[in-house]
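Student: Numbering (this note's numbering), first residue to last: 4 to 347. Virtual Cβ for every residue (Gly too), placed ideally from N, Cα, C.
Right under this line is the structure:
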């Protein structure tokens with residue numbers, strides 16, 4: 004019938020209720036509405052209290068649920084829910100801002116997933132840089148510059164350039180800058196490893212699941228996702244620099260060889276014994292660039308760097324390492340708030 008339908012979603016007792024519980028419950032409600040081809044979903048928040056974090060989490064969960072990774076398939080699932088409304092919440096500016104920020108964050112999350120799921124022939128380093136320009140375009144408080152291979156060569160970035168020399172798609176470094184309105188709290192930098200496809204190079208990976216190596220750009224995608232959110236109104240008091248090292252690792256006729264010695268921009272020489280250890284070679288140039296050109300108060304790198312993390316932590320958490328206990332604790336706390344667990 005066309006009458007009202009109620010979906011009852013079980014939640015923990017209020018004293019043990021956290022944002023992730025609400026985020027997950029809102030997602031289940033969205034999926035139920037999608038399965039019944041409803042155009043409107045109303046979330047009754049009466050029993051969840053007046054906490055703004057709860058409203059934000061509900062907006063995130065409802066907006067993100069139902070994502071279909073088959074972005075180029077004709078059979079990709081149609082989205083039915085066009086409107087998500089909240090009932091039983093306090094009508095206040097704080098709640099409204101929290102919901103708006105939740106929607107902005109969810110949209111950025113979905114944008115990152117689309118980047119990850121693009122095939123590697125469509126998301127080359129050049130195309131990735133072009134997408135970054137699109138995200139930054141038209142925003143007075145966001146600037147972008149893209150370093151060409153020639154510019155990188157002048158800066159002595161032999162480590163990153165060595166990774167990309169076997170590909171017909173030349174590497175890029177993208178540097179984005181967000182300047183907040185009013186007084187800046189501090190300057191931070193987020194760095195992303197962006198290997199758009201990692202064949203392993205001459206140290207070729209096993210063919211099984213090599214198609215998944217298109218995901219080796221996920222760190223850079225996360226960085227661009229942050230700027231997607233900032234460009235759509237995410238609140239931030241920090242001056243944020245986003246740096247992405249974009250490269251394709253291929254076994255071409257000019258590919259880097261095991262035994263090659265390269266020189267990074269900071270003057271360090273590196274003997275390459277395995278060309279499939281390319282991530283650290285990318286970061287060996289991108290991290291010093293970030294440190295010297297930006298001089299941030301804190302620098303956070305996001306990278307799909309090694310499968311050894313899965314051996315250590317399984318699929319329960321992402322590994323976090325660093326030289327500041329205070330910053331590590333901040334990352335862990337942020338991960339707990341948004342349901343992205345990290346572990347040192």
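Taking a contact to mean a Cβ-Cβ separation below 7 Å, would you say residue 138 touches residue 234 in this structure?
Tutor: Sequence index remark: in the chain shown, residue 138 carries index 135 (1-based). Sequence index remark: in the chain shown, residue 234 carries index 231 (1-based). Against a cut-off of 7 Å, the Cβ pair of residue 234 and residue 138 comes out as a contact.
Student: What residue ranges within the stretch 33 to 102 form continuous beta strand (DSSP E) runs of no fewer than 3 residues, ordered along the chain?
Tutor: Complete beta strand (DSSP E) runs here, min 3: 43 to 47, 86 to 90.
Student: Looking at the unbroken alpha helix (DSSP H) that takes in residue 295, where does it start and where does it end?
Tutor: Locating residue 295 in the chain shown gives position 292, counting from the first residue. Element bounds for residue 295: 281 to 297.
Student: How close, in whole Å, do the beta carbons of residue 322 and residue 316 come, if the pair is a contact with beta carbons under 8 Å?
Tutor: Residue mapping note: residue 322 aligns to position 319 of the chain shown, counting from 1. Residue mapping note: residue 316 aligns to position 313 of the chain shown, counting from 1. About 6 Å separates the two Cβ atoms, so the contact holds.
Student: Name the DSSP beta bridge partners of residue 303, please?
Tutor: Taking the first residue of the chain shown as position 1, residue 303 is located at position 300. 193.
Student: Since residue 353 contacts residue 26 with CB under 8 Å, what's their CB separation in whole angstroms?
Tutor: Any answer about residue 353 is impossible in this case: the structure gives the chain only from 4 up to 347.
Student: Would you grab the beta carbon distance between residue 102 and residue 60 for me? Rounded to a whole angstrom, and I think it's under 8 Å.
Tutor: Walking along the chain shown from the start, residue 102 turns up at place 99. Walking along the chain shown from the start, residue 60 turns up at place 57. Not confirmed; about 10 Å, so no contact.
Student: Taking the continuous beta strand (DSSP E) assigned at residue 178, which residues delimit it?
Tutor: Taking the chain shown and counting its residues from 1, the one referred to as residue 178 is at position 175. Per DSSP, residue 178 belongs to the beta strand (DSSP E) from 175 to 181.
Student: Quick one: is residue 347 buried, meaning 16 or more other Cβ sit within 10 Å of its Cβ, or exposed?
Tutor: For the purposes of this step, residue 347 is taken as residue 344 along the chain shown, with counting starting at 1. It counts as exposed.
Student: Which stretch, first to last residue, makes up the alpha helix (DSSP H) that contains residue 16?
Tutor: As a first step, residue 16 is located in the chain shown; it is residue number 13 there, counting from the start. Segment: none, residue 16 is in no alpha helix (DSSP H) and carries neither H nor E.
Student: As an exercise, report each continuous alpha helix (DSSP H) stretch of at least 4 residues that is fully enclosed by the stretch 193 to 240, in chain order.
Tutor: The qualifying runs are 221 to 234.
Student: Need the endpoints of the alpha helix (DSSP H) that residue 314 sits in, please.
Tutor: Here residue 314 is taken as the residue at index 311 of the chain shown, counted from 1. Start and end: 311 to 316.
Student: Just to confirm, are residue 169 and residue 299 a CB contact at a threshold of 7 Å?
Tutor: Position 166 of the chain shown, counted from the first residue, corresponds to residue 169. Position 296 of the chain shown, counted from the first residue, corresponds to residue 299. Contact: no.
Student: Helix, strand or coil for residue 150? Go by DSSP, reduced to three states.
Tutor: The residue given as residue 150 occupies position 147 in the chain shown. Correct three-state label for residue 150: strand.
Student: Report yes or no: do three or more beta-carbon pairs, one from the stretch 180 to 190 and one from the stretch 152 to 164, lie closer than 8 Å?
Tutor: With a cut-off of 8 Å, the stretch 152 to 164 and the stretch 180 to 190 do not count as touching, because too few Cβ pairs lie within range.
Student: Can you name the residues that DSSP bridges to residue 252?
Tutor: Taking the first residue of the chain shown as position 1, residue 252 is located at position 249. Note: residue 252 sits in a beta bridge opposite 201.
Student: Just checking: is the beta-carbon of residue 36 within a distance shorter than 7 Å of some beta-carbon in chain C?
Tutor: Any reference to chain C falls outside this structure, which holds one protein chain only.
Student: Should the stretch 278 to 296 be regarded as contacting the stretch 257 to 267, the criterion being three or more beta carbon pairs within less than 8 Å?
Tutor: These segments touch.
Student: So for residue 428, helix, strand or coil by DSSP?
Tutor: Not covered by the structure: residue 428. The range shown for the chain is 4 to 347.
Student: Tell me where the alpha helix (DSSP H) around residue 330 begins and ends.
Tutor: For the purposes of this step, residue 330 is taken as the residue at position 327 of the chain shown. Taken as a continuous stretch (DSSP letters only), the alpha helix (DSSP H) holding residue 330 covers 328 to 341.
Student: Rank 228, 62, 143 by C-alpha distance to the C-alpha of residue 113 and give the top, closest one.
Tutor: To locate residue 113, count along the chain shown from 1; it is residue 110. Comparing Cα-Cα distances from residue 113 to each of 228, 62, 143, the minimum goes to 228.
Student: Just to confirm, are residue 305 and residue 225 a CB contact at a threshold of 7 Å?
Tutor: What you label residue 305 is simply residue 302 of the chain shown in a count that begins at 1. What you label residue 225 is simply residue 222 of the chain shown in a count that begins at 1. It is a contact, given that the beta carbons lie within the stated cut-off.
Student: Taking contact to mean at least 3 C-beta pairs separated by less than 8 Å, is the stretch 140 to 147 in contact with the stretch 86 to 106?
Tutor: No, the stretch 140 to 147 does not touch the stretch 86 to 106.
Student: Taking the alpha-carbon of residue 236 as reference, which of 31, 196, 183, 83 has the nearest alpha-carbon?
Tutor: Counted from its first residue, the chain shown places residue 236 at position 233. Nearest C-alpha to residue 236: 183.
Student: Going by DSSP, name the residue or residues bridged to residue 160.
Tutor: Here residue 160 refers to the residue found at position 157 when the chain shown is read from its first residue. In the DSSP output, where bridge partners are listed per residue, residue 160 has none listed.
Student: Using 8 Å for Cβ pairs, my map puts residue 39 next to residue 8. What's the rounded Cβ distance?
Tutor: One-based indexing of the chain shown puts residue 39 at position 36. One-based indexing of the chain shown puts residue 8 at position 5. Indeed they touch by this definition, with Cβ atoms about 7 Å apart.
Student: From 178, 185, 211, 207, pick the residue whose C-alpha is nearest to that of residue 196; which is it?
Tutor: Start at 1 with the first residue of the chain shown, and residue 196 comes out as number 193. Of the listed residues, the one whose Cα sits closest to residue 196 is 178.
Student: Rounded to whole angstroms, how far is the Cβ of residue 279 from the Cβ of residue 203, which I believe are closer than 8 Å?
Tutor: Counting from one through the chain shown, the residue named residue 279 turns up at place 276. Counting from one through the chain shown, the residue named residue 203 turns up at place 200. With 8 Å as the limit, residue 279 and residue 203 qualify as a contact, their Cβ atoms being about 4 Å apart.
Student: How far does the beta strand (DSSP E) with residue 265 in it reach, from first residue to last?
Tutor: Against the chain shown, residue 265 aligns to sequence position 262. Run containing residue 265: 264 to 266, per the beta strand (DSSP E) assignment.
Student: Taking residue 137 as part of the alpha helix (DSSP H), name the residues at either end of that continuous run.
Tutor: As a first step, residue 137 is located in the chain shown; it is residue number 134 there, counting from the start. That run of the alpha helix (DSSP H) goes 128 to 139.
Student: Using 8 Å as the Cβ pair cut-off and three pairs as the minimum, do the stretch 121 to 132 and the stretch 77 to 94 touch?
Tutor: Because the criterion of three Cβ pairs below 8 Å is not met, the stretch 121 to 132 and the stretch 77 to 94 do not touch.
Student: Name the two residues that bound the continuous beta strand (DSSP E) containing residue 274.
Tutor: Your numbering for residue 274 matches position 271 in the chain shown. Here the beta strand (DSSP E) through residue 274 covers 272 to 274.
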